[in-house]
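Structure, as structure tokens:
Numbering (this note's numbering), first residue to last: 1 to 437.
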């Protein structure tokens, strides 16, 4: 079979992205560093991006909603799935830890899996994370997607007869990342292994440089014959090697000279290379560099807009993946037309206090928000209905044009108000017979 035939044959089944067919994704890189999901997390930029996205999504409020008879959305708190998603998906994890774990899997492996435990009626009783590197995806002869999970040795000791567990499609919550077939996602770490490998290589070079302050890329030149080169080298290293001995003054005897043959970090643009690799990794995860500690191109004027762009363009696509995957896998067929699952990102999109208050004032004065609507957004207690908490008010200085010109809608004005309106709209002749507006 040629290498091209694997890409152009019909998609009769989802291919296992963790099997031997795509082992070229992980492994060696052009920089000589081995990159996999574990070594990549040793890079501070990768760890910061994964942690930022995982914690941001895990910290969002996750609620269930339904449409009432009038077509209006209403939050649901009495549904069993609502408690699992918002509070405790299983006895061992909180909702935050569960979502943070799955989001980390999704960012590293490109896929997130969780076992769905149901009762006899199909209701979800619990959600348990599954490691993506132990999961194999295939399709049964009937066309159904089958998930085969390889348990590790500790799990197998509990029940040694079931080292391989086969799960059906309704027993797995699968959130795929970006992919070519729409079924199994590709690992961002594997696809961008060369960029991450270069970051690992530059970090290792920097550590080696500071560990060898004697500049091992240099040569000691003696005008005569050195009787014991080893003793001279060890004496030099003892005096000047290591970060603690950096910048010490060297004393050369018997006409000895030191020649540097290594490239110093300034000439190799070592720091610029490291900074560029941080931007490369931030670009891989679509994260603004200032959110992982690179403030070179950030200022007081644009950092707020960059944070809003993070929510819109970085976090929101992952939110939609989660919402639609949970909607498809966790709700019963009879519930999908009435219920839906939604993250609340409004808190992340809010501006500072002054801008929020100005926006609330505009909404309040124009009648499309009540006092309780505003207080709910600010996480404050509601004002009782009898005290006017649900009233929608409008500015009394505004009126319709037809009412101002004296049509029947204008009957509520007194004589003074009507005369003022007529003066503003129609004008009045002055002593010279000219109309004043």
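Each residue gets a CB set at the ideal place from its N, CA and C atoms; glycine is no exception.
For residue i, three-class secondary structure by DSSP
i           : result
residue 174 : strand
residue 184 : coil
residue 111 : strand
residue 394 : coil
residue 225 : coil
residue 35  : strand
residue 307 : helix
residue 287 : coil
residue 125 : strand
residue 42  : coil
residue 52  : helix
residue 130 : strand
residue 235 : helix
residue 282 : helix
residue 371 : helix
residue 382 : coil
residue 199 : helix
residue 252 : coil
Residue i burial status per 10 Å Cβ neighbour count (16 or more: buried)
i           : result
residue 141 : exposed
residue 233 : exposed
residue 147 : buried
residue 43  : buried
residue 106 : buried
residue 108 : buried
residue 239 : exposed
residue 357 : exposed
residue 185 : buried
residue 100 : buried
residue 193 : buried
residue 164 : exposed
residue 522 : The question about residue 522 has no answer here: the residues shown for the chain are numbered 1 through 437.
residue 225 : exposed
residue 91  : exposed
residue 202 : buried
residue 451 : Any answer about residue 451 is impossible in this case: the structure gives the chain only from 1 up to 437.
residue 344 : exposed
residue 187 : buried
residue 308 : exposed
residue 46  : buried
Beta bridge counterpart(s) of residue i as assigned by DSSP
i           : result
residue 194 : The partner list for residue 194 (beta bridge, DSSP) is empty, contrary to what the question assumes.
residue 148 : 136, 166
residue 230 : Partner(s): none; residue 230 has no beta bridge.
residue 143 : In DSSP, residue 143 forms no bridge with anything.
residue 312 : Its beta-bridge partners do not exist; DSSP assigns none.
residue 62  : 343
residue 205 : Partner(s): none; residue 205 has no beta bridge.
residue 67  : 73
Nearest-angstrom Cα separation, counted from residue j out to residue i
i           : j           : result
residue 360 : residue 167 : 50 Å
residue 288 : residue 37  : 22 Å
residue 74  : residue 67  : 6 Å
residue 63  : residue 327 : 12 Å
residue 195 : residue 281 : 7 Å
residue 86  : residue 61  : 7 Å
residue 340 : residue 33  : 45 Å
residue 1   : residue 173 : With a pLDDT of only 43 at residue 1, under the threshold of 50, the placement of this residue in the model should not be trusted, and no figure is reported.
residue 114 : residue 197 : 30 Å
residue 335 : residue 284 : 37 Å
residue 277 : residue 199 : 6 Å
residue 379 : residue 346 : 12 Å
residue 151 : residue 169 : 18 Å
residue 229 : residue 250 : 17 Å
residue 387 : residue 368 : 18 Å
residue 440 : residue 93  : The structure shown has nothing for residue 440, since the chain only spans 1 to 437.
residue 371 : residue 131 : 47 Å
residue 390 : residue 376 : 12 Å
residue 348 : residue 56  : 9 Å
residue 393 : residue 366 : 7 Å
residue 332 : residue 104 : 27 Å
residue 139 : residue 145 : 4 Å
Heavy atom of the ligand HEM within 7 Å of residue i beta-carbon
i           : result
residue 141 : The ligand HEM is not part of the structure shown, which contains no ligands of any sort.
Practice item. Report the residue ranges of all beta strand (DSSP E) runs contained in full by the segment 70–121; include only those spanning at least 3 residues, in chain order. Key: 73–76, 111–118
**Study point:** Residue ranges of each alpha helix (DSSP H) within the segment 317–365, 4 or longer
**Key:** Segments of the alpha helix (DSSP H) lying fully in the segment 317–365: 346–349, 353–365.
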